[in-house]
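**Q** Submitted below is the structure of interest, expressed as structure tokens.
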Amino acid sequence: MGAPLASVAVVARTVAQLWNKPLVGVNHCIGHIEMGRLITGAISPTVLYVSGGNTQVISYSEHRYRIFGETIDIAVGNCLDRFARVLKISNDPSPGYNIEQMAKRGKKLVELPYTVKGMDVSFSGILSFIEDVAQKMLATGECTPEDLCFSLQETVFAMLVEITERAMAHCGSKEALIVGGVGCNVRLQEMMAAMCQERGAQLFATDERFCIDNGAMIAQAGWEMFQAGHRTPLRESGITQSVALRPSFSERLLLLTPGGESFTSMYRWAWRWCSISSFFPSSVSLRQGLSM
Numbered sequence: 017m018g019a020p021l022a023s024v025a026v027v028a029r030t031v032a033q034l035w036n037k038p039l040v041g042v043n044h045c046i047g048h049i050e051m052g053r054l055i056t057g058a059i060s061p062t063v064l065y066v067s068g069g070n071t072q073v074i075s076y077s078e079h080r081y082r083i084f085g086e087t088i089d090i091a092v093g094n095c096l097d098r099f100a101r102v103l104k105i106s107n108d109p110s111p112g113y114n115i116e117q118m119a120k121r122g123k124k125l126v127e128l129p130y131t132v133k134g135m136d137v138s139f140s141g142i143l144s145f146i147e148d149v150a151q152k153m154l155a156t157g158e159c160t161p162e163d164l165c166f167s168l169q170e171t172v173f174a175m176l177v178e179i180t181e182r183a184m185a186h187c188g189s190k191e192a193l194i195v196g197g198v199g200c201n202v203r204l205q206e207m208m209a210a211m212c213q214e215r216g217a218q219l220f221a222t223d224e225r226f227c228i229d230n231g232a233m234i235a236q237a238g239w240e241m242f243q244a245g246h247r248t249p250l251r252e253s254g255i256t257q258s259v260a261l262r263p264s265f266s267e268r269l270l271l272l273t274p275g276g277e278s279f280t281s282m283y284r285w286a287w288r289w290c291s292i293s294s295f296f297p298s299s300v301s302l303r304q305g306l307s308m
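In the working numbering, the protein residues as written are 17 to 308.
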């Protein structure tokens, strides 16, 4: 992704200077979230952001998106894609979609590693397990490819639902929003909806037209930022490839209660102050590494 990002950034800076137009750097994650809010009408949801490059539970407060939990290794979409390669599942139209369709025909739940650590999840263990035993299980007839697809989906999605519910309980949230490419998976939406129903909350989700990366989400977020007076100075428009949304090294990791007092949680709940601002003028500047 580094080369396309760098190329388009050069074009954007060139156009801005040639026609004397303002430059507005849009964070990719914020683009997903704001598009989801626009389409669904969600007001202040707890966000499950799931894609090939990111897996995070996010909430918004005081002009900041705060990361409550995330993957500690690979993203859920990456896990699904690599699983598809192990089983030689077609990429047409996408590995995730084909796994979803095969999972509907699965009849046996194979026990797979389930790793939730506080508010964080890990998918590398479950992927390594499948890479190690999948062919053996298929050869002996212990399960079918459809069974493995079903088992993988049920396991990783249950992990995502658990950390999302924990964040909602911590925030007292009554809204949940799913964004990112994996967010259009119908089974994930069903599991999230069941959790929300038990909590008396409401789930907001969209289909592949708005979940998968698209230019409209960047344009929408950019328009909102522009209307709010946000501009990106040319000297701050450089890019550095980064696949995860994390605090910059200069940011402190603050462990805070809503009232601001320091605390240590038994579940390691943390307010991760992230240098990704929304489109409010009073918020901090977008982190350079995530601005384009």
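We put the beta carbon where it would ideally sit given N, CA and C, even for glycine.
For threonine 87, list the residues DSSP reports as bridge partners.
**A** In the DSSP output, where bridge partners are listed per residue, threonine 87 has Val137.
**Q** Helix, strand or coil: which one does DSSP assign to leucine 128?
**A** Leucine 128: coil per DSSP, three-state reduction.
**Q** Report back the beta-carbon spacing between serine 253 and alanine 22 to the nearest angstrom; my notes put them in contact at under 8 Å.
**A** Between alanine 22 and serine 253 the Cβ distance is about 12 Å, and since that is not below 8 Å, they are no contact.
**Q** Do methionine 135 and valine 177 have their C-beta atoms within less than 8 Å of each other?
**A** No, the Cβ-Cβ distance between methionine 135 and valine 177 is not below 8 Å.
**Q** With DSSP as the reference, label serine 281 as helix, strand or coil.
**A** In this prediction, serine 281 scores a pLDDT of 31, lower than 50, which makes its location untrustworthy; the coordinate-derived value is nonetheless stated afterwards. Here serine 281 sits in coil by DSSP.
**Q** Please report the residue range of the beta strand (DSSP E) in which valine 66 lies.
**A** 62–66 is the span of the beta strand (DSSP E), which, as asked, contains valine 66.
**Q** Got a sec? Which residues, its chain only, sit under 6 Å from leucine 204 by beta carbon, not counting five neighbours each side?
**A** Correct list, in chain order: Phe173.
**Q** Check whether the segment 49–61 and the segment 221–233 touch, using three or more Cβ-Cβ pairs below 8 Å as the test.
**A** Short answer: they touch.
**Q** Classify glutamate 59: buried if its beta carbon has 16 or more other beta carbons within 10 angstroms, exposed otherwise.
**A** The question names glutamate, but residue 59 in the sequence shown is isoleucine. When all chains shown are included, isoleucine 59 counts as exposed.
**Q** Per DSSP, what kind of secondary structure is arginine 203 in: helix, strand or coil?
**A** Three-state result, arginine 203: helix.
**Q** Can you check whether the CB of leucine 96 is closer than 8 Å to the CB of isoleucine 115?
**A** Yes; because the gap between Cβ atoms is below 8 Å, this pair is in contact.
**Q** Judging by CA-CA distance, which residue of Met175, Thr180, Phe166, Ile142 is the nearest neighbour of leucine 219?
**A** Ranking the options by Cα distance to leucine 219, first place goes to Thr180.
**Q** Can you grab the Cα-Cα spacing for the pair asparagine 43 / glutamine 72, in whole Å?
**A** Rounded to whole angstroms, asparagine 43 to glutamine 72 spans 15 Å at the Cα level.
**Q** Residues bridged to threonine 171 by DSSP?
**A** Looking at the DSSP assignment, threonine 171 forms no beta bridge with any residue, so it has no partner.
**Q** In the segment 178–258, which residue ranges form an unbroken beta strand (DSSP E) of at least 3 residues, counting only runs that do not cross its ends?
**A** If we require 3 residues or more, the beta strand (DSSP E) runs fully inside the segment 178–258 come out as 191–195, 218–220.
**Q** Given 8 Å as the limit, is there contact between the segment 183–201 and the segment 155–163, that is, 3 or more CB pairs closer than that?
**A** They do not touch, by the three-pair rule.
**Q** Round the Cβ separation of alanine 183 and threonine 62 to the nearest angstrom and send it over; I've been treating them as touching at under 8 Å.
**A** At roughly 5 Å, the Cβ-Cβ gap stays under 8 Å, so alanine 183 and threonine 62 are in contact.
**Q** Quick one: Cα of serine 191 to Cα of tyrosine 81, how far?
**A** Before going further, note that residue 191 is glutamate rather than serine in the sequence given. The straight-line gap from Cα to Cα measures roughly 15 Å.
**Q** Buried or exposed for threonine 30, going by 16 or more other Cβ atoms inside 10 Å?
**A** It is exposed - the Cβ of threonine 30 has fewer than 16 other Cβ atoms within 10 Å.
**Q** Use the C-beta contact count for serine 319: other C-beta atoms within 10 angstroms, 16 or more gives buried, fewer gives exposed.
**A** Missing from the structure shown is residue 319; the chain here goes from 17 to 308 and no further.
**Q** Are there 16 or more other CB atoms within 10 angstroms of the CB of histidine 246, so buried, or fewer, so exposed?
**A** Looking at its Cβ environment, which holds 16 or more other Cβ atoms inside 10 Å, histidine 246 is buried.
**Q** Is the Cβ of alanine 28 closer than 8 Å to any Cβ of chain C?
**A** Among the chains of the structure shown, chain C does not appear; only one protein chain is present.
**Q** So within the segment 99–124, which uninterrupted alpha helix (DSSP H) runs reach at least 4 residues, ignoring any that extend past its ends?
**A** Qualifying alpha helix (DSSP H) stretches, in chain order: 111–119.
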